[in-house]
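Colleague: Numbering (the working numbering), first residue to last: 823 to 935.
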Ligand SMILES: [Zn+2]
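(1) What does DSSP give as the partner residues of residue 923 in its beta bridges?
(2) Pick from 857, 896, 851 and 893: whose alpha carbon is nearest that of residue 874?
(3) Report the rounded CA-to-CA distance for residue 829 versus residue 835, giving the unit in angstroms.
(4) Measure the beta-carbon distance from residue 889 to residue 924 and round it to whole angstroms, keeping in mind my assumption that it falls under 8 angstroms.
(5) Quick check on the contact list: which residues have their beta carbon closer than 6 angstroms to a heavy atom of ligand 1?
(6) Please confirm whether residue 908 has its beta-carbon closer than 8 angstroms to some beta-carbon of chain D.
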């Protein structure tokens, strides 16, 4: 369960950012996860709540966006969205692929007052 490690890292960034811009309360955190990170949003949210308990972010709403995986075929050059973990080119079936998108893990924005 790697959600708790990620939750701790992101919570630290949220609290640090909130301190820097003098927020007294964090109301919402918008997060993007690439599908390849394989986050289970419910588990992540639970871990995040544990981490921010008794902090200014304890009531923050989480908005989690899962970014689909996109790959580029190194053989024929086409790019495509990966579905159902089938990691092969749609056109030529090559498995020589590069990741264009889907490994992201970042906080898009933090809202507060
Ligand atoms: Zn191909």
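We put the beta carbon where it would ideally sit given N, CA and C, even for glycine.
Modeller: To lay it out plainly:
(1) By one-based count along the chain shown, residue 923 stands at place 101. Bridge partners of residue 923: 892.
(2) Within the chain shown, numbered from 1, the residue matching residue 874 stands at position 52. Checking every option, the nearest Cα to that of residue 874 belongs to 851.
(3) Translated into the one-based positions of the chain shown, residue 829 becomes position 7. Translated into the one-based positions of the chain shown, residue 835 becomes position 13. Whole-angstrom Cα-Cα distance: 10 angstroms.
(4) As a working mapping, residue 889 is identified with position 67 in the chain shown. As a working mapping, residue 924 is identified with position 102 in the chain shown. Contact holds; Cβ gap of about 6 angstroms.
(5) 895, 897, 898, 900, 911, 913, 914 and 916
(6) The structure shown has no chain D; it contains just one protein chain.
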